[in-house]
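This report refers to the structure that appears directly beneath it.
Number of protein chains: 4
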Amino acid sequence: MGEAAARGRKSIGAKRNPESADAIIEAAEGVLREAGYAGFSIEAVARRARAGKPTIYRWWPSKAALLIEVYQRQKRVETPDTGNIEDDLAGFLKNLFAHWRDTPSGNIFRSLIAEAQSDGTAAAALAEYSKGRRGHTGRMIERAKARGEVAADVDAGIVADLIASYAWRHLLTDRLDEDDAMIRAAVRYVVRGIAPTP
Amino acid sequence: MGEAAARGRKSIGAKRNPESADAIIEAAEGVLREAGYAGFSIEAVARRARAGKPTIYRWWPSKAALLIEVYQRQKRVETPDTGNIEDDLAGFLKNLFAHWRDTPSGNIFRSLIAEAQSDGTAAAALAEYSKGRRGHTGRMIERAKARGEVAADVDAGIVADLIASYAWRHLLTDRLDEDDAMIRAAVRYVVRGIAPTP
Amino acid sequence: MGEAAARGRKSIGAKRNPESADAIIEAAEGVLREAGYAGFSIEAVARRARAGKPTIYRWWPSKAALLIEVYQRQKRVETPDTGNIEDDLAGFLKNLFAHWRDTPSGNIFRSLIAEAQSDGTAAAALAEYSKGRRGHTGRMIERAKARGEVAADVDAGIVADLIASYAWRHLLTDRLDEDDAMIRAAVRYVVRGIAPTP
Amino acid sequence: MGEAAARGRKSIGAKRNPESADAIIEAAEGVLREAGYAGFSIEAVARRARAGKPTIYRWWPSKAALLIEVYQRQKRVETPDTGNIEDDLAGFLKNLFAHWRDTPSGNIFRSLIAEAQSDGTAAAALAEYSKGRRGHTGRMIERAKARGEVAADVDAGIVADLIASYAWRHLLTDRLDEDDAMIRAAVRYVVRGIAPTP
DNA sequence: TCGTAAGCGAGACGGTACGTCCTGTCTTCAG
DNA sequence: CTGAAGACAGGACGTACCGTCTCGCTTACGA
Chain A
42 MGEAAARGRK SIGAKRNPES ADAIIEAAEG VLREAGYAGF SIEAVARRAR
92 AGKPTIYRWW PSKAALLIEV YQRQKRVETP DTGNIEDDLA GFLKNLFAHW
142 RDTPSGNIFR SLIAEAQSDG TAAAALAEYS KGRRGHTGRM IERAKARGEV
192 AADVDAGIVA DLIASYAWRH LLTDRLDEDD AMIRAAVRYV VRGIAPTP
Chain B
42 MGEAAARGRK SIGAKRNPES ADAIIEAAEG VLREAGYAGF SIEAVARRAR
92 AGKPTIYRWW PSKAALLIEV YQRQKRVETP DTGNIEDDLA GFLKNLFAHW
142 RDTPSGNIFR SLIAEAQSDG TAAAALAEYS KGRRGHTGRM IERAKARGEV
192 AADVDAGIVA DLIASYAWRH LLTDRLDEDD AMIRAAVRYV VRGIAPTP
Chain C
42 MGEAAARGRK SIGAKRNPES ADAIIEAAEG VLREAGYAGF SIEAVARRAR
92 AGKPTIYRWW PSKAALLIEV YQRQKRVETP DTGNIEDDLA GFLKNLFAHW
142 RDTPSGNIFR SLIAEAQSDG TAAAALAEYS KGRRGHTGRM IERAKARGEV
192 AADVDAGIVA DLIASYAWRH LLTDRLDEDD AMIRAAVRYV VRGIAPTP
Chain D
42 MGEAAARGRK SIGAKRNPES ADAIIEAAEG VLREAGYAGF SIEAVARRAR
92 AGKPTIYRWW PSKAALLIEV YQRQKRVETP DTGNIEDDLA GFLKNLFAHW
142 RDTPSGNIFR SLIAEAQSDG TAAAALAEYS KGRRGHTGRM IERAKARGEV
192 AADVDAGIVA DLIASYAWRH LLTDRLDEDD AMIRAAVRYV VRGIAPTP
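Structure, rendered in structure tokens:
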């Protein structure tokens, strides 16, 4: 599939051809997987997808936009619900690190963050995406609050921030193989810090 | 000084000309300050420093190397010693955010992180640098341990990691104007989490 | 009329819509008038005519074909009949230069000649057109022959060629503002050269 | 030589590399010869010369500039001096037509004229070149004047114009295989027209 | 009377070329 | 014998057109 299927692909009239879109996204993923962010250029993607550059620019105005869509097509990492906040967060981080380590997702997200340092639209998109994820992690905290594991006056957003920051930095400094015990220790420090005072 | 002084600078014979090196580093800093990472190219630096590109490549084999040297020339942010770990860490983060916000340092460090995502030498340099900083922040924790504010079995490295991660993410997502109260809350969560159990 | 009227123009069933054809030709003329040959593209014409590109390609298989039809819609320059061959030819050239200078015709014809240098159909069309014009100018010579102003054995086609060539070159080298006296001198040299030997 | 020799060609320091310039001009000539004006693009020339596009743009700011230099590298057509103006001019045209027909020169010059219809710099360059050629042909006339074959008050420039125009139009309408007798007749008409009145 | 066939505006498609910017390497030459 | 200067091959950028295609619609015409 993908590059091969692209052979002979044509327009399907005055509307977007989903085959082309798919081929382009798959090609983008392939380029990132095989050549990394350094080799990720619109030209390379177009070549691999057997698509014209303007077709890419028509739908994704910047490298960042394409990167985001590629990232969003990736499988989501599952967030456990063990009934215990420490296990939930440690499990989530473990899953996330494994996901980033073993699929192209990690490379893609790293690239997106890097791109955001020089491209405003990437920055905006990343901010948007982060907001969504913050809510997601926030729900874990809220559940724990309901169970009485977390003090009622704790700001779930800040906790989510701490956890996400920890993950980002491990991604950006190539430490996704972090020891489980270390992850758990980091989580424990935070979880203790937000526990209700007895 | 700087770009201006470069006018007419000439070779000083069979050794590295420190005037040139200075002019190049200052030009690099200037480019980063004014055009950001997006506009940071060897060409731009050479143009601004009135230097030849090969002169730059001779001494800094990659953009990353130049970036690192530029970053290391920056003033360090001071780490307070208030006798209280929460105040120490919150003050440190406040100072750090202000430093990154108000000097080119923020732009430079962001660029270095971005560069590290596609350049191995930048990644290595960044890892090296981070190790040093971890020790540095770690000492704050160790002092607190000595004062009995922090449990003895706490891994200072992990705490330093959490704090640094929080800072990085704010830098990378353009949130250096974070409210003091928020910073303090985040710090408090961690500080409480590592306090000795009574 | 023209671009404005095009708004909302639709198919009128299974036959060519003359409104569209007109709008396209007028748009083509407009583009040539305002942007010259350099700006003359099928896209630009379609945009201005509010027509689809395929509608243009359906009826004019190439830029050349459209150019030819546009040129043929132009008003012809009038050929004086003063009873004197020198006045006839000089007047004709003067009129022709003015026509080319003051209407889009000049731009269009220049474009057609240029196009003919890389497009065979344009070349063929131009040859066809030139043959017609040669006959036309030839008649001026024949009239003069009948009046005894021109030797009987003169080849009218060659004379027409000389006159047309002179005109073309002035068009192609932007010398349509040539002095009347110069034009008349050129004509006189030829007219004398074909006069009957006394 | 040419494309082959280009393999591995490098800069020779802070000055123009004549090997590159040669390779580019030869490649340009080759492209024109084999693909004609329609296939003449800077990309194609760069590809064939194994040169970077910027190297071409550095020295020839437009297609026209390159075209002109290519044309000027061509062998000049020789202008006979038979002592008789009719023979001189007819011989010159015959030679010119043969030259244009049998070498790439014809294609190149046609292309240059076409280019001049949409590119101002080409037009200017062509005007400049034409001025030079007009003087050249003019000298044939002046010689004839000195011999008493041509009236003293004849404007040599206008005669040169007539002759050059005749040649251009034959080039542009693909009639370089014109019969010698026809050429001679055209020349005779003009020569008679500028002979001194007895 | 109605189905069908063709023309229409629209615009996406795979491509090619544009002219610019940058990369990292190379050579020359002034000092 | 260094270092500045800048040319070089190459490749990516984002844009403009090319000529082709299909869509969804409208209308004329033949069955």
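Residue numbers (the numbering used here), protein chains in the order written: chain A, 42 to 239; chain B, 42 to 239; chain C, 42 to 239; chain D, 42 to 239.
Built from N, CA and C at the ideal position, the CB exists for glycine as well.
Computed from a prediction, not measured in an experiment: that's the story for all the values here.
Rounded to the nearest angstrom, what separates A79 of chain D and A165 of chain C at their Cα positions? 16 Å
So, using beta-carbon positions, are A87 of chain B and S61 of chain B closer together than 7 Å? no
Residues of chain C with CB closer than 9 Å to the CB of G234 of chain D, please, in chain order. R229, Y230, V231, V232, R233, G234, I235, A236
Grouping DSSP H, G and I as helix and E and B as strand, with all else coil, what is E183 of chain D? helix
Is E219 of chain C close to chain D, meaning its C-beta is less than 7 Å from at least one C-beta of that chain? no
Closer than 7 Å to chain D by CB, L108 of chain C: no
CB contact flag (Y240 of chain A, F138 of chain A, <7 Å): Because chain A is modelled from 42 through 239, residue 240 of chain A falls outside the range shown and cannot be assessed.
Closest by CA to R216 of chain A, which one among B:H211, B:D202, B:D221? B:D202
If we ignore side chains and look at the alpha-carbon of each, how far apart do A76 of chain A and I65 of chain D end up? 33 Å
Quick check on the burial criterion: 16 or more other C-beta atoms within 10 angstroms. Buried or exposed for R48 of chain C? Interpretation of R48 of chain C is limited by its pLDDT of 45, a score under 50 that renders its predicted location unreliable; the figure taken from the coordinates is listed afterwards. Its Cβ having fewer than 16 others within 10 Å, R48 of chain C is exposed.
Out of D:G198, D:D220, D:W141, D:T238, which one is the CA nearest neighbour of M223 of chain C? D:G198
Do you know how far the Cα of K56 of chain C is from the Cα of D196 of chain D? 59 Å
Using a Cβ-Cβ cut-off of 7 Å (strictly less than) and excluding sequence neighbours within five positions of A131 of chain D, which residues of its own chain qualify? I224, R225, V228
Is the segment 229-239 of chain B touching the segment 164-181 of chain B, taking contact as three or more C-beta pairs under 8 Å? no
Is it right to say I53 of chain D is buried, meaning 16 or more other beta carbons lie within 10 angstroms of its own, or is it exposed? exposed
Is A90 of chain C near V72 of chain C, with beta carbons less than 7 Å apart? no
Beta-carbon spacing of E213 of chain C, I204 of chain D below 7 Å: Contrary to the premise, residue 213 of chain C reads as Leu rather than Glu in this sequence. The answer is no: Cβ separation not under 7 Å.
Strictly below 9 Å CB to CB, what residues from chain B border L167 of chain A? L213, T214
Rounded C-alpha distance that separates W101 of chain B from D129 of chain B: 37 Å
What residues of chain A sit near M223 of chain B, judged by a beta carbon separation below 7 Å? I199
Along the alpha helix (DSSP H) that carries S152 of chain D, what are the first and last residues, could you check? 146-157
How many Å lie between E119 of chain B and M181 of chain B at the Cα? 12 Å
With a cut-off of 7 Å, does the C-beta of W141 of chain D fall near any C-beta of chain C? no
Out of curiosity, what's the CA-to-CA distance linking G147 of chain A and A157 of chain A? 15 Å
What would DSSP say about L217 of chain B, mapped onto helix, strand or coil? coil
Cβ-based neighbour list, A193 of chain A, same chain, cut-off 8 Å, excluding 5 preceding and 5 following: K186, P237
So the alpha helix (DSSP H) V72 of chain C belongs to, where does it begin and stop? 59-76
Can you find a heavy atom of the ligand ADP that lies under 6 Å from the Cβ of K104 of chain B? In terms of ligand content, the structure shown is empty, and the ligand ADP therefore cannot be addressed.
In chain order, what residues of the segment 64-82 of chain A put their CB closer than 9 Å to some CB of chain B? G77, Y78, A79, G80, F81
Taking 7 Å as the threshold (C-beta atoms), are I126 of chain A and E190 of chain A in contact? yes
For A55 of chain A, the three-state DSSP class (helix, strand or coil): coil
Can you check whether the C-beta of R151 of chain A is within less than 7 Å of a C-beta belonging to chain B? yes
So, are the CB atoms of L108 of chain D and S159 of chain D less than 7 Å apart? no
Could you spell out the range, first to last residue, of the alpha helix (DSSP H) harbouring N136 of chain C? 126-143
Classify R74 of chain B: buried if its beta carbon has 16 or more other beta carbons within 10 angstroms, exposed otherwise. exposed
Residue range of the alpha helix (DSSP H) that includes R117 of chain C: Careful: R117 of chain C lies outside any alpha helix (DSSP H) and carries neither H nor E.
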